[in-house]
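Just below is one structure, and these are the notes that go with it.
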Amino acid sequence: MKYFNDEKNILEKFRSVPISECYCSSEPEKKIFSLIHNEKNWSNWKDSSGKADLPPDYFSGEFGLMMDVMRIDDHGFKNKKGKIVNPTYARESQLEDELKNSEILHKVPHVFVIPDTGLPTIEDHNYIYYQKNFKNIISNHINKIKSYRQNHPEFKVIFFVMDESSAYFQSVVFPSEGQLSLGDILKGRPHLHWMDDMFLEVIRGSEIDYLIWFTPFKHLISDNLKVALPEVCVLDIKELEKNPIKYDAENMISAEI
């Protein structure tokens, strides 16, 4: 969603999340959440996300913290030529062009475009794409931490991850292409992303101090009941889950048909 190209929009949406939707397993994690989520605390942060500014995106001398904001999704992948392809973004751009040509945007200037690519679920939301995107984006930003520390010595590092992926579950039986349809019931276990070994391995032992994992689009229904997935997870990298869950990537299916 292009609306989230602007970090300010990401953080504005984050601060609208009820505190009850946040998973924090320790007092330090709760404090980090509050220092960004609370409007009064947020007033102590400086925006350095402009092209002419020194990275990372935000910092606070008051709190001794600096924060880099990044986005990941489960759509994008590299084609055979090594080019990043994202069908969702491509369809979104197409719809926006149609809206501009129809002059609707002159009457309704603020429009959210949520595109339907028409692709099968496995091509539209793909766990392997998701995991690779997480690894590539996070690793790329980890490589920049050294320069961040030159700009803000002694500050602790927060990675704020805007995760636009859907919810997943590990199915007992992986259906063949074309067999899934709206309303189908499959047996499996929900994907607890903050405990997924493949994801945690990317950040374990890194120079990140805290990771804020914002997942506003993960919705999972089991037997007509909503699975209580947190909308925000705050992770203290030095205190990551000691017994992470190992999922079978080949059997992971998006809950979004």
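Take the sequence shown: its position 233, counted from the start at 1, is 232 in numbering that gives the first Met the number 0, and no numbers get skipped. All C-beta atoms, glycine included, are put in the ideal place defined by N, C-alpha and C. Since we're looking at a predicted model, the values are computed, not measured.
Query: Burial state of Gln130, where buried means 16 or more other Cβ atoms lie within 10 Å; Result: buried
Query: Stretch-stretch touch, CB-based, cutoff 8 Å, three pairs: the region 237-246 with the region 29-36; Result: no
Query: Sequence-distant residues of its chain with Cβ nearer than 6 Å to Tyr22 (five each side left out); Result: Pro229, Cys232
Query: Cβ shell of Arg188 (< 8 Å), same chain only, five flanking positions each side left out; Result: Phe168, Gln169
Query: Simplified DSSP assignment, three categories, for Asp196; Result: helix
Query: Inter-residue spacing [alpha-carbon to alpha-carbon] between Ser59 and Glu153; Result: 12 Å
Query: 9 Å Cβ cutoff met for Pro17 and Tyr147; Result: no
Query: Extent of the continuous alpha helix (DSSP H) run through Lys50; Result: It is not in any alpha helix (DSSP H) - Lys50 carries neither H nor E in the DSSP assignment.
Query: Three-way DSSP call (helix, strand, coil) for Lys155 in this model; Result: strand
Query: Where the beta strand (DSSP E) through Tyr267 begins and ends; Result: Nothing in the structure corresponds to residue 267, since the chain is present only between 0 and 256.
Query: Chain-order list of residues whose beta-carbon lies under 6 Å from that of Glu102 (same chain, five-residue window excluded); Result: none
Query: Pro189, enclosing beta strand (DSSP E) - first and last residue; Result: 187-189
Query: C-alpha distance - Ile207 paired with Asn100, whole-angstrom precision; Result: 45 Å
Query: Among Asp73, Asn43, Lys50, the one whose alpha carbon lies nearest that of Met65; Result: Asn43
Query: Residues near Glu61 in its chain [Cβ-Cβ closer than 6 Å; skip 5 each side]; Result: Asn43
Query: CB-CB length for Arg70 against Glu200, believed under 8 Å; Result: So it is not a contact: roughly 21 Å between Cβ atoms.
Query: 8 Å contact criterion, which Phe213 and Asp67 should meet: CB distance rounded; Result: The pair is not a contact, with the Cβ atoms about 13 Å apart (cut-off 8 Å).
Query: Nearest residue (CA-CA) to Glu28, options Pro215, Ile211, Ile252, Lys245; Result: Ile211
Query: C-alpha gap between Ile141 and Gln149, whole angstroms; Result: 14 Å
Query: Contact check, Ile220 vs Ala254, beta carbons under 9 Å; Result: yes
Query: Endpoints, the alpha helix (DSSP H) within which Leu279 is located; Result: The shown model of the chain, from 0 to 256, leaves out residue 279, and the question about it has no answer.
Query: 8 Å contact criterion, which His74 and Tyr128 should meet: CB distance rounded; Result: 7 Å
Query: C-alpha gap between Tyr209 and Asp196, whole angstroms; Result: 17 Å
Query: Separation of Met161 from Leu224, as counted between CA atoms; Result: 26 Å
Query: Spatial distance of Lys50 from Lys134 (CA atoms); Result: 25 Å
Query: Buried versus exposed, by CB contacts within 10 Å (16 or more), Glu6; Result: buried
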